[in-house]
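Student:
In the numbering used here, the protein residues as written are 632 to 1133.
Have a look at this one:
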């Protein structure tokens, strides 16, 4: 058991950290820290819809967690074995499946595993691996702490955090489960101690998003409806517009007229022609005669706007992009003079309103749908475990064995000696010979795994990826040792109710 010590000179800093934790979102009771995630059912519903809309476009756009870099994939340092801090203990799994009549040598993947998706402080859509575990309300997910807390950007919990068991290419067969409250060890929450790189997250009842049908409604019904809705504009004739106005006693929001002005380039002698500035590219501006450019000093000839980095990178117009000497992102617009004729064109339109009923429906509790792995702590090392996850990142040498699309597994004995990594100040990890890469982080290490029941006991989660033989390829993964303090965090989370979204 490792404890974080603050030197005497850091007493004021330590007091400040503690006060900040008590006053902020994190609350520490002994070894347990907890932080809120989606604070209301309405927030949770919006988060689930963010990931599911457009046929799971955001889910498909997410990439694997990437807090590690090649210099972190280092050789593990071995030291003495672990001494349990309390008696060994466990909580039994739930949702056991019937034993198949025919024995098989294939590995049956647990229904409990899936991916957690989240958005980092930089706005990146990312995912890790995770599993459902046993709890009083069948609503608990276990994963790595760095897949819940945004340690890479020194912020709080990840935003828009969801768990999707059985995830496959944008599909959520058992529903989407939105995180409500995150539990981890106080040392990880406050000090980012990777010897405590695990987290347990309570989730709301899952929801299924999709399958609803659009229904045409009035403008009043549309405004009142709180769910998924859309409106579509269509062109109508002048006669249809007048009929609509007569029926409604005047112009309404669902039928309306609009006048657009069209400019056609003509010669200076054209009757009614007027001078106008037309935007062109910088190249065409430079080619234009000076008179047509309205003179180099004319203020109307160019216009420079300061924009955000995102606007700068995504701009598709005629303007000229440039980062100025101060590092500002700018877009300069160029104009030339033309003689034009002006024509007013009147159009008539109607807006049709739709709502989507039954689009979101309750999927029930996580444990009722996929079961939950047991949890074990203070167990002897050197025992066989199965580690599951969704690896996707290439090895440090660039070799990419995995896609992240389907889950993979490793099997073997955990190291009897503790292992460490200077990069993350790790002193008390256990390791497993395994070549899975990032994307598998947060995935469960299951002790006493039953291939027929697809259940076992969570006794670790993948935290780091290591190159033990120095050939620039991952060959070992490591996990925090699950001890009595881990059990305290788990037990605190396992008794917390979360509730429904709808």
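Glycine included, each C-beta is placed from N, C-alpha and C at the ideal position.
(1) Taking DSSP's pairing of strands, which residues face residue 1112 in a bridge?
(2) Leaving out five residues on either side along the sequence, give the residues of the same chain with a beta carbon under 6 Å from the beta carbon of residue 979.
(3) Between 1109, 1088, 864, which lies nearest to residue 1097 when the distance is taken from Cα to Cα?
(4) Got a sec? Which residues, its chain only, sit under 7 Å from residue 907 by beta carbon, not counting five neighbours each side?
(5) From the DSSP output, in three-state form, read off residue 876 for me.
(6) Does DSSP classify residue 1138 as helix, strand or coil?
(7) Expressed to the nearest angstrom, what Euclidean distance is found between the alpha-carbon atoms of residue 952 and residue 939?
(8) Nearest CA to the CA of residue 797: which residue from 807, 790, 788?
(9) On the DSSP letters alone, give me the boundaries of the alpha helix (DSSP H) that residue 954 sits inside.
(10) Which residues bound the alpha helix (DSSP H) around residue 680?
(11) Going by DSSP in three states, residue 933 sits in which element: helix, strand or coil?
(12) Hey, residue 747 and residue 794 are a contact pair by Cβ (cut 8 Å); roughly how many whole angstroms apart?
(13) Could you have a look at residue 810 and say whether DSSP puts it in helix, strand or coil?
(14) Count the other CB atoms, across all protein chains shown, that sit within 10 Å of the CB of residue 974; report buried if there are 16 or more and exposed otherwise.
(15) So for residue 919, helix, strand or coil by DSSP?
(16) Applying the 10 Å Cβ sphere with the 16-neighbour rule, what's the burial state of residue 1030?
(17) Within this structure, are the beta carbons of residue 774 and residue 790 separated by less than 9 Å?
(18) I need the straight-line Cα distance from residue 849 to residue 986, nearest angstrom please.
(19) Give me the Cα-Cα distance between residue 846 and residue 678, rounded to the nearest whole angstrom.
(20) Is it buried or exposed for residue 905, if we count other Cβ within 10 angstroms and need 16 for buried?
(21) Around the Cβ of residue 1023, are there at least 16 other Cβ atoms within 10 angstroms (buried) or fewer (exposed)?
(22) Roughly how many whole angstroms lie between the Cα atoms of residue 1025 and residue 1104?
(23) CA-CA distance, residue 665 and residue 815?
(24) Between residue 961 and residue 955, how many whole angstroms is the CB-CB distance? I'm expecting something under 8 Å.
(25) Threshold first: 3 residues or longer. Then list the beta strand (DSSP E) segments lying entirely within the region 964-1009, N to C.
(26) With a Cβ-Cβ cutoff of 9 Å, do residue 1087 and residue 1080 count as a contact?
(27) If you run the structure through DSSP and keep just helix, strand and coil, what is residue 731?
(28) Between residue 1037 and residue 755, what straight-line distance do the alpha-carbon atoms span, to the nearest angstrom?
(29) Could you compute how far the alpha carbon of residue 835 sits from the alpha carbon of residue 668?
(30) Helix, strand or coil for residue 1119, going by three-state DSSP, please let me know.
(31) Does the structure place the region 819-827 close enough to the region 1052-1066 that three or more beta carbon pairs sit under 8 Å?
(32) Suppose you measure from the CA of residue 1118 to the CA of residue 723; what does that come to, to the nearest Å?
(33) The beta strand (DSSP E) with residue 1103 in it runs from where to where?
(34) Please state whether DSSP places residue 776 in a helix, a strand or coil.
(35) Please report how far the alpha carbon of residue 1006 lies from the alpha carbon of residue 945, in whole angstroms.
(36) Out of curiosity, what's the CA-to-CA distance linking residue 942 and residue 1121?
Tutor: Here's the rundown:
(1) As a working mapping, residue 1112 is identified with position 481 in the chain shown. Beta-bridge pairing links residue 1112 to no other residue.
(2) The residue given as residue 979 occupies position 348 in the chain shown. The beta carbon of residue 979 lies closer than 6 Å to those of 867, 869, 872, 888 in the same chain, with the five residues before and after it left out.
(3) Position 466 of the chain shown, counted from the start, is the residue given in the question as residue 1097. Of the listed residues, the one whose Cα sits closest to residue 1097 is 1109.
(4) The residue labelled residue 907 in the question sits at position 276 within the chain shown. Here the set comprises 894, 969, 971.
(5) By one-based count along the chain shown, residue 876 stands at place 245. Of the three classes helix, strand and coil, the one that applies to residue 876 here is helix, per DSSP.
(6) This structure cannot speak to residue 1138, because the chain is shown only from 632 to 1133.
(7) The count along the chain shown starts at 1 and reaches residue 952 at position 321. The count along the chain shown starts at 1 and reaches residue 939 at position 308. Going from the Cα of residue 952 to the Cα of residue 939 covers about 12 Å.
(8) On the chain shown, residue 797 is found 166 positions in, with the first residue counted as 1. Looking only at 807, 790, 788, the smallest Cα-Cα distance to residue 797 is reached by 807.
(9) As a working note, residue 954 is residue 323 in the chain shown. If you look at residue 954, you'll find it isn't in any alpha helix (DSSP H); it sits in the beta strand (DSSP E) that goes 951-954.
(10) Here the question's residue 680 lines up with position 49 in the chain shown. Where residue 680 is concerned, the enclosing alpha helix (DSSP H) stretches over 672-692.
(11) Translated into the one-based positions of the chain shown, residue 933 becomes position 302. The answer is strand: DSSP assigns residue 933 an E or B state.
(12) To locate residue 747, count along the chain shown from 1; it is residue 116. To locate residue 794, count along the chain shown from 1; it is residue 163. Between the beta-carbon of residue 747 and that of residue 794 there is about 5 Å, and that keeps the pair under the 8 Å contact cut.
(13) Translated into the one-based positions of the chain shown, residue 810 becomes position 179. Annotated three-state conformation of residue 810 is strand, per DSSP.
(14) Position 343 of the chain shown, counted from the first residue, corresponds to residue 974. Exposed, by the Cβ-count rule.
(15) Your numbering for residue 919 matches position 288 in the chain shown. If DSSP states are grouped into helix, strand and coil, residue 919 belongs with coil.
(16) As a working note, residue 1030 is residue 399 in the chain shown. Classification of residue 1030: exposed, given that the 10 Å Cβ count is below 16.
(17) Counting from one through the chain shown, the residue named residue 774 turns up at place 143. Counting from one through the chain shown, the residue named residue 790 turns up at place 159. No.
(18) Sequence index remark: in the chain shown, residue 849 carries index 218 (1-based). Sequence index remark: in the chain shown, residue 986 carries index 355 (1-based). Their Cα atoms are separated by approximately 10 Å.
(19) One-based indexing of the chain shown puts residue 846 at position 215. One-based indexing of the chain shown puts residue 678 at position 47. Straight-line spacing of the CA atoms in residue 846 and residue 678 works out to 24 Å.
(20) Here residue 905 is taken as the residue at index 274 of the chain shown, counted from 1. The residue in question, residue 905, is exposed, as its Cβ has fewer than 16 Cβ neighbours within 10 Å.
(21) Numbered from its first residue, the chain shown carries residue 1023 at position 392. Around the beta carbon of residue 1023, 16 or more other beta carbons lie within 10 angstroms, which makes this residue buried.
(22) If you number the chain shown from 1, residue 1025 lands on position 394. If you number the chain shown from 1, residue 1104 lands on position 473. Between the alpha carbons of residue 1025 and residue 1104 lies a gap of roughly 9 Å.
(23) Counting from 1 along the chain shown, the entry for residue 665 is found at position 34. Counting from 1 along the chain shown, the entry for residue 815 is found at position 184. It is roughly 6 Å from the alpha-carbon of residue 665 to the alpha-carbon of residue 815.
(24) As a working mapping, residue 961 is identified with position 330 in the chain shown. As a working mapping, residue 955 is identified with position 324 in the chain shown. The Cβ separation is near 6 Å, so the contact holds.
(25) DSSP runs (the beta strand (DSSP E)) wholly in the region 964-1009: 991-995, 1005-1008.
(26) As a position in the chain shown, residue 1087 is number 456, starting the count at 1. As a position in the chain shown, residue 1080 is number 449, starting the count at 1. Yes, these two residues count as a Cβ contact at 9 Å.
(27) Residue numbering aside, residue 731 sits at position 100 when the chain shown is read from its first letter. Per-residue confidence for residue 731 stands at a pLDDT of 45, beneath the threshold of 50, marking its modelled position as unreliable; the derived number appears in the next sentence. In the structure shown, residue 731 sits in coil (DSSP, three-state: anything other than H, G, I, E or B).
(28) Sequence index remark: in the chain shown, residue 1037 carries index 406 (1-based). Sequence index remark: in the chain shown, residue 755 carries index 124 (1-based). Going from the Cα of residue 1037 to the Cα of residue 755 covers about 22 Å.
(29) The sequence position of residue 835 within the chain shown is 204, counting from 1. The sequence position of residue 668 within the chain shown is 37, counting from 1. Rounded to the nearest angstrom, the two C-alpha atoms are 11 Å apart.
(30) Here residue 1119 refers to the residue found at position 488 when the chain shown is read from its first residue. Residue 1119: helix per DSSP, three-state reduction.
(31) Touching, yes, given that three or more Cβ pairs across the two stretches are closer than 8 Å.
(32) Taking the chain shown and counting its residues from 1, the one referred to as residue 1118 is at position 487. Taking the chain shown and counting its residues from 1, the one referred to as residue 723 is at position 92. So the alpha carbons of these two residues sit roughly 13 Å apart.
(33) Within the chain shown, residue 1103 is the residue found at index 472, counting from 1. Looking at the DSSP string, residue 1103 is not in any beta strand (DSSP E), and its letter there is neither H nor E.
(34) Within the chain shown, residue 776 is the residue found at index 145, counting from 1. Looking at residue 776 - three-state DSSP - the assignment turns out to be helix.
(35) Taking the first residue of the chain shown as position 1, residue 1006 is located at position 375. Taking the first residue of the chain shown as position 1, residue 945 is located at position 314. Rounded to the nearest whole angstrom, the CA to CA distance from residue 1006 to residue 945 is 47 Å.
(36) Here residue 942 corresponds to residue number 311 of the chain shown, with the count starting at 1. Here residue 1121 corresponds to residue number 490 of the chain shown, with the count starting at 1. Each residue's Cα considered, the two are about 44 Å apart.
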